[in-house]
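K.L.:
Just passing along the structure, written as structure tokens.
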Amino acid sequence: MIQIDALRFAWPQDTRRDRPPADTLAIDALHIEAGSTVFLHGPSGSGKSTLLGLLAGVLVAGSGRVSLLGTAWSTLSVARRDAFRADHVGYIFQQFNLLPYLSPTDNVLLPCRFSARRLQRAHGPGGSARSQAQSLLERVGLDPSHWSRASSALSVGQQQRVAAARALIGRPEVVIADEPTSALDADLRETFMNLLMDECRAAGSTLVFVSHDARLAERFDRQVSLVEINHAAIDRAAA
Ligand SMILES: Nc1ncnc2c1ncn2[C@@H]1O[C@H](COP(=O)(O)OP(=O)(O)OP(=O)(O)O)[C@@H](O)[C@H]1O
Ligand SMILES: [Mg+2]
5 MIQIDALRFA WPQDTRRDRP PADTLAIDAL HIEAGSTVFL HGPSGSGKST LLGLLAGVLV
65 AGSGRVSLLG TAWSTLSVAR RDAFRADHVG YIFQQFNLLP YLSPTDNVLL PCRFSARRLQ
125 RAHGPGGSAR SQAQSLLERV GLDPSHWSRA SSALSVGQQQ RVAAARALIG RPEVVIADEP
185 TSALDADLRE TFMNLLMDEC RAAGSTLVFV SHDARLAERF DRQVSLVEIN HAAIDRAAA
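Quick note, the sequence shown lines up with residues 5 to 243 if you use my numbering.
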């Protein structure tokens with residue numbers, strides 16, 4: 005489902021001309037099987053969000069290959085990347101990226117506006133995409149009184165749950181979740197994790213999940229330590 009080969013990625017943080025930017029990530033190989041669930045962990049600043057951005061084609065590798073469903077992101081134009089992501093990836097960003105002027109319902113429906121495939125898959129025996137969106141909002145525990153108001157009026161934890169519902173609508177093949185429980189209390193976290201795992205299992209989605217919360221790790225098929233697979237820091241020290 006996801007395959008990384010000889011990936012190198014550098015943020016252009018160091019603009020001094022006498023030094024090339026140091027790699028943030030150097031990963032020789034990572035293969036994630038279809039339908040599996042992966043818990044990715046590592047210290048703050050180690051490059052977890054950067055790696056998720058590369059998996060989802062939001063960022064493109066400086067060299068090497070990142071492919072999803074057999075397609076390498078680097079072979080697609082920017083417009084094709086956006087379309088391919090909308091069709092196949094649900095992404096809960098660390099900063100949520102909700103459109104503040106849209107209601108929670110319309111935020112959840114956004115992937116269906118960008119992807120005919122997601123719209124079609126959101127339609128089901130349960131009804132329209134809108135009723136699916138509202139069913140997801142109900143299941144992440146957002147009170148119906150919030151569903152039609154601007155998302156900017158939501159608390160951080162409420163926004164996080166809307167972002168999760170948006171990632172799940174239309175059963176994407178890959179769900180990417182960047183610290184999706186960081187703003188949730190213990191009860192909500194439990195409910196949310198059950199919903200996320202159930203939805204991914206029911207849809208056969210591959211889940212890549214980043215968290216600092218080690219208590220969640222045992223729910224996943226596989227745990228990946230970014231520090232162990234990323235030798236950029238070692239390369240830097242050796243240079
Ligand atoms: N937009 C950006 N521009 C330049 N550098 C960036 C950018 N985003 C991240 N970086 C750098 O890349 C490195 C990895 O950052 P990243 O956000 O991927 O870490 P992380 O593991 O997700 O951290 P956290 O656990 O705090 O979310 C950091 O050194 C950071 O400064
Ligand atoms: Mg991060």
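Positions of the beta carbon are idealized from the N, C-alpha and C atoms, including for glycine.
Keep in mind the model is a prediction, meaning the values are calculated, not measured.
1. Count the other C-beta atoms from every protein chain shown that fall within 10 angstroms of the C-beta of residue 209, then say buried if there are 16 or more, exposed otherwise.
2. So the beta strand (DSSP E) residue 86 belongs to, where does it begin and stop?
3. Roughly how many angstroms lie between the CA atoms of residue 30 and residue 82, to the nearest whole one?
4. Assess contact between the stretch 177-189 and the stretch 52-68, defined as three or more Cβ pairs (one per stretch) separated by less than 8 Å. Is contact present?
5. Is any non-hydrogen atom of ligand 2 found closer than 6 Å to the C-beta of residue 163, if you look at the structure I gave you?
6. Straight-line CA distance for residue 218 to residue 198?
7. In chain order, what residues have a CB nearer than 7 Å to some heavy atom of ligand 2?
8. Nearest by alpha-carbon distance to residue 236: which of 10, 222 and 195 is it?
9. Within 10 angstroms of its Cβ, does residue 110 collect 16 or more other Cβ (buried), or is it exposed?
10. Sorry if obvious, but does the Cβ on residue 49 come closer than 6 Å to a heavy atom of ligand 1?
11. Flag this pair as yes or no: are the beta carbons of residue 64 and residue 78 separated by less than 7 Å?
12. Using a threshold of 6 Å, is the CB atom of residue 185 nearer than that to any non-hydrogen atom of ligand 1?
13. Which term fits residue 164, buried or exposed, when burial requires 16 or more other beta carbons within 10 angstroms of its beta carbon?
14. In or out: residue 45 buried (at least 16 other Cβ within 10 Å) or exposed?
15. Comparing the CB of residue 77 with every heavy atom of ligand 1, is any distance shorter than 6 Å?
P.N.:
On the basis of the coordinates in this document:
1. buried
2. Per DSSP, residue 86 belongs to no beta strand (DSSP E); it is in the alpha helix (DSSP H), 82-92.
3. 23 Å
4. yes
5. no
6. 16 Å
7. 52, 53, 98, 182, 183 and 214
8. 10
9. buried
10. yes
11. yes
12. no
13. buried
14. buried
15. no
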